[in-house]
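Trainee:
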Amino acid sequence: MFCLSNDTVKTLDLSPLIEKISTNLELLKENLKDCGQQIAEQAPKPRLCTRILAVKATGPGVYVSEDYTFLYGSTNNGWKNQFLGHVTNIIRDLAKNHPKISIRKLDALKSNNGKLKVRAKELQARFKSDRGYVELYKDSRIIVGDYGTTIVKVLEKFDDWKGSLNQFGFGDCFKDYYHN
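According to the UniProt record's numbering, the sequence shown is numbered sequentially starting from 1.
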């Protein structure tokens, strides 16, 4: 290497300096690799999740919606009013905070809707019970079906599980809370 200093040319051999820099660089790389391994070892291990998430396209012009139907029925008007009150409150909350999620209520004993009408006829004995019976559908796929008292308990606790709606969707959140 040549260096000019006060109009004098000096020659310096920089190879020992380059070797030291190269050695230090290799040591830094090894230390960084060790740090990464230590961080990975101390990080919490991932849990096995049984939930399958659908990846949805998002962005300008893409509207992804979730449409659900509560098919319900009961001979007990008190239970019906309680159930409908909870569902109506949830529908209002979703309309304000989660507009892509829509829920409709369908009385199985009054239903005139194609596939749901057929399903309602199959289950009329359950729907005509005093305890009530409810099925939650996403499109034509059933998510949960049970006697009304159990479903009403899930609806009553909506505030406890609604925080996960953006991440998992209404159906999965409802089903998870129902099963727990």
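For each residue, glycine too, the CB sits at the ideal point set by N, CA and C.
Going along the chain, which residues of its own chain have a beta-carbon closer than 6 angstroms to the beta-carbon of glutamate 135, five neighbours each way excluded?
Mentor: Locating residue 135 in the sequence shown gives position 135, counting from the first residue. If we look at glutamate 135 and ignore the five residues flanking it on each side, its Cβ neighbours are Leu71, Ile142 and Gly145.
Trainee: In this structure, does DSSP put lysine 80 in helix, strand or coil?
Mentor: Taking the first residue of the sequence shown as position 1, residue 80 is located at position 80. In this structure, lysine 80 counts as helix in the three-state DSSP scheme.
Trainee: Alpha carbon to alpha carbon, how far is aspartate 160 from proline 178? Give it in angstroms, no decimals.
Mentor: By one-based count along the sequence shown, residue 178 stands at place 178. By one-based count along the sequence shown, residue 160 stands at place 160. Checking the displayed sequence, the identity of residue 178 turns out to be tyrosine instead of proline. C-alpha separation (whole angstroms): 12 angstroms.
Trainee: Using 8 angstroms for Cβ pairs, my map puts tyrosine 137 next to threonine 69. What's the rounded Cβ distance?
Mentor: Residue mapping note: residue 137 aligns to position 137 of the sequence shown, counting from 1. Residue mapping note: residue 69 aligns to position 69 of the sequence shown, counting from 1. 5 angstroms between Cβ atoms; contact.
Trainee: Would glycine 132 pass as a contact of glycine 148 if the rule is Cβ separation under 8 angstroms?
Mentor: As a position in the sequence shown, residue 132 is number 132, starting the count at 1. As a position in the sequence shown, residue 148 is number 148, starting the count at 1. For glycine 132 and glycine 148, yes; Cβs fall inside 8 angstroms.
Trainee: Run the CB neighbour count on leucine 94, radius 10 Å, all protein chains shown included, and call it buried at 16 or more, exposed below.
Mentor: Locating residue 94 in the sequence shown gives position 94, where the first residue counts as 1. Answer is buried; the Cβ neighbour count reaches 16.
Trainee: So if DSSP puts tyrosine 147 in a beta bridge, which residue, or which two residues, is it bridged to?
Mentor: Against the sequence shown, residue 147 aligns to sequence position 147. Paired residues: Tyr133.
Trainee: Grouping DSSP H, G and I as helix and E and B as strand, with all else coil, what is threonine 69?
Mentor: The residue given as residue 69 occupies position 69 in the sequence shown. Here threonine 69 sits in strand by DSSP.
Trainee: Under a Cβ-count criterion, where at least 16 other Cβ atoms within 10 Å of its own Cβ denotes burial, should leucine 25 be classed as buried or exposed?
Mentor: As a working mapping, residue 25 is identified with position 25 in the sequence shown. Leucine 25 should be labelled exposed.
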